[in-house]
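Student: Sending over a structure as structure tokens; questions will come in a sec.
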Amino acid sequence: MKLARRIENLPPYLFVEISKKIAEKRAKGEDVITFGIGDPDIPTPAHIIDRLCKAAQDPANHRYPESDGLPELRRTIAEWYKKRFDVSLDADKEVAPLIGAKEGIAHIAFCFIEPGDIALVPDPAYPVYSIGTSLAGGEPYYLPLTAENNFLPDLNSIPEEVLKKAKLLWINYPNNPTGAVADLAFFNRTVQFARQHGLAVCHDAPYTEVAFDNYQPVSFLQAEGAKEVGIEFHSLSKSYNMTGWRIGMAVGNATMINALKTLKSNIDSGIPQAIQYAAIEALAGSQECIREHNAIYQRRRDLMVDILNSIGLEATSPKASLYVWAKVPEGYNSTDFATDLLEQVGVVVTPGIGYGKSGEGYVRLSLTIPDAGLVKGLSRLAGWHNPKKVPGKSRLA
Ligand SMILES: *Cc1c(COP(=O)(O)O)cnc(C)c1O
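Going by this note's numbering, the sequence shown wraps up at 1688, each residue one higher than the last.
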């Protein structure tokens, strides 16, 4: 048996490796506390589950769903965008329900990338942008996100010969893993740049509803002319604690949406209909749950940032997203630091290098851990003894 090169060359997904390590430790009876994957610990709100259960009882929902999604779901998504961002969408032409945003993010590459083409991909980033690109036969060209640039890509630094081969531009705000946010001015500049260079923009935006201190993230589609050049990926996963149900959407440019729908109609058969009804309930029902969840995350964020800074791991407090992006102590790289924390105090953090070269020097901590575990994990971090500590410097540095 001979596997295709595209599979042989594929690295195991970042969290597969980390999950394996945690399982090994736990099998040995060790108590591991994980700030690893960003998977909301709070259950899906009851009104959403009620609708899902009711829909599951209806035999009409036991059959193949339409691969474009229920018209009512597409309408509800359009109405939610209008209400939340004042963005108007044609529910038939500009909305594509997805089996989670991840699915659409991987598949959009096949709609644009020919062998030899380039996709502009932020670094560090959610791994699927570059993996989708490679699977489609293209090459990612990485745009470093640095603290000096507020973790925004420097579009003007991209060489002309790269731009000639570039088809897609990926951006993601509120950002995973850095927790950075972007304003409308950045999105306006991005639209201009995409127009100039004939790029299709993919904005991945699953965290617009996970925000703190009354901050309201904007949508890329609010930018002037955004719909002419791009689409936005969104998801019910992080907004409504629905990662397990697998439902998201792509919205925006009709040509891009149509291409994605055409590809998908040949590959999958849509989202289980009961789950589509749950999504309708989530988007059209009371949004009070979002405020409640964000209050919980905000409290956790404050606790985490305080402790990290007090032990010398420089971390800025994110305005949105589920992540704190913290600098590793001097003398460490991100992998060695994460390994030492796991070995010495049984705490899992994600090494920044896992998200790309420019993620080196950082670790990501997720806020999706119940309070008791969070407090215990943080107190373990506070008690960690840094063997590389330089005398005279702050505790960990
Ligand atoms: C969680 C996440 C997704 C995936 O969302 P799903 O809808 O659960 O597939 C996509 N992009 C980023 C940046 C994420 O953090």
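Backbone N, C-alpha and C define an ideal beta-carbon position, used for all residues, glycine too.
For ligand 1, I want to know if Ala1392 counts as a neighbour, meaning its beta carbon is within less than 7 Å of at least one of the ligand's heavy atoms.
Tutor: Translated into positions along the sequence shown, residue 1392 becomes position 101. Answer for Ala1392: yes, Cβ within range of ligand 1.
Student: Would the beta-carbon of Pro1336 fall within 8 Å of that of Ile1562?
Tutor: Reading the sequence shown from its first residue, position 45 is the one you call residue 1336. Reading the sequence shown from its first residue, position 271 is the one you call residue 1562. Cβ atoms of Pro1336 and Ile1562: not closer than 8 Å.
Student: Spell out the partners DSSP gives Trp1461 in its beta bridges.
Tutor: For the purposes of this step, residue 1461 is taken as the residue at position 170 of the sequence shown. BP columns for Trp1461 point to Cys1493.
Student: Cβ of Trp1371 within 8 Å of Cβ of Pro1413?
Tutor: Mapped onto the sequence shown, residue 1371 falls at position 80. Mapped onto the sequence shown, residue 1413 falls at position 122. The answer is no: Cβ separation not under 8 Å.
Student: Going straight from the alpha carbon of Leu1389 to that of Gly1395, what length do you get?
Tutor: For this step, residue 1389 is matched to residue 98 along the sequence shown. For this step, residue 1395 is matched to residue 104 along the sequence shown. When rounded, the distance between both Cα atoms is 6 Å.
Student: Starting from Asp1414, follow its DSSP beta bridges and name the residues at the other end.
Tutor: Residue mapping note: residue 1414 aligns to position 123 of the sequence shown, counting from 1. Pro1435.
Student: Using three-state DSSP, classify Tyr1614 as helix, strand or coil.
Tutor: Your numbering for residue 1614 matches position 323 in the sequence shown. Tyr1614: strand per DSSP, three-state reduction.
Student: So the candidates are Arg1592, Ala1382, Gly1622; which of them puts its Cα closest to the Cα of Val1615?
Tutor: For the purposes of this step, residue 1615 is taken as residue 324 along the sequence shown, with counting starting at 1. The candidate whose alpha carbon is nearest that of Val1615 is Arg1592.
Student: Just the Cα atoms here: how many angstroms apart are Ala1688 and Glu1621?
Tutor: Taking the sequence shown and counting its residues from 1, one reaches residue 1688 at position 397. Taking the sequence shown and counting its residues from 1, one reaches residue 1621 at position 330. Unreliable positioning characterises Ala1688 in this predicted model, as indicated by a pLDDT of 45, which lies under 50. A coordinate reading is not provided.
Student: With a threshold of 7 Å, establish whether the CB of Ile1522 neighbours any heavy atom of ligand 1.
Tutor: Taking the first residue of the sequence shown as 1, we reach residue 1522 at position 231. Outside the cutoff, so no.
Student: Could you check where the alpha helix (DSSP H) with Ile1566 kicks off and where it finishes?
Tutor: The residue labelled residue 1566 in the question sits at position 275 within the sequence shown. Residues 1564-1575.
Student: Using 8 Å as the threshold, is the segment 1637-1652 in touch with the segment 1588-1606, meaning 3 or more CB pairs across them?
Tutor: At 8 Å Cβ cutoff, the stretches do not touch.
Student: Alpha carbon to alpha carbon, what distance is there between Leu1361 and Ala1575?
Tutor: As a position in the sequence shown, residue 1575 is number 284, starting the count at 1. As a position in the sequence shown, residue 1361 is number 70, starting the count at 1. Roughly 15 Å between the two C-alpha positions.
Student: Kindly list the residues whose CB is nearer than 6 Å to the CB of Trp1536, restricted to its own chain and excluding five residues on each side of it in sequence; keep chain order.
Tutor: Here the question's residue 1536 lines up with position 245 in the sequence shown. Same-chain partners within the cutoff: Ile1566.
Student: Using C-beta distances below 8 Å, list every residue in its chain close to Ala1347, excluding the 5 sequence neighbours before and after it, in chain order.
Tutor: Here residue 1347 refers to the residue found at position 56 of the sequence shown. Counting only Cβ-Cβ distances below 8 Å, and skipping sequence neighbours, we find Ala1565.
Student: Could you check whether Thr1424 and Pro1418 sit closer than 8 Å to each other, using their CB atoms as the reference points?
Tutor: Counting from one through the sequence shown, the residue named residue 1418 turns up at place 127. Counting from one through the sequence shown, the residue named residue 1424 turns up at place 133. Cβ distance not < 8 Å, so Pro1418 and Thr1424 don't count as in contact.
Student: Hey, would you say the C-beta of Gly1329 is under 7 Å away from at least one heavy atom of ligand 1?
Tutor: Residue mapping note: residue 1329 aligns to position 38 of the sequence shown, counting from 1. Checking the Cβ of Gly1329 against ligand 1 gives yes.
Student: Tell me whether Met1292 is buried or exposed, calling it buried when 16 or more other Cβ atoms sit within 10 Å of its Cβ.
Tutor: The residue you call residue 1292 lines up with position 1 of the sequence shown. Classification of Met1292: exposed, given that the 10 Å Cβ count is below 16.
Student: Within its chain, find whatever has a CB closer than 8 Å to the CB of His1584; leave out the 5 residues flanking it on each side and keep chain order.
Tutor: Along the sequence shown, one-based indexing puts residue 1584 at 293. So the qualifying residues of the chain are Pro1331, Ile1333, Val1501, Asn1532.
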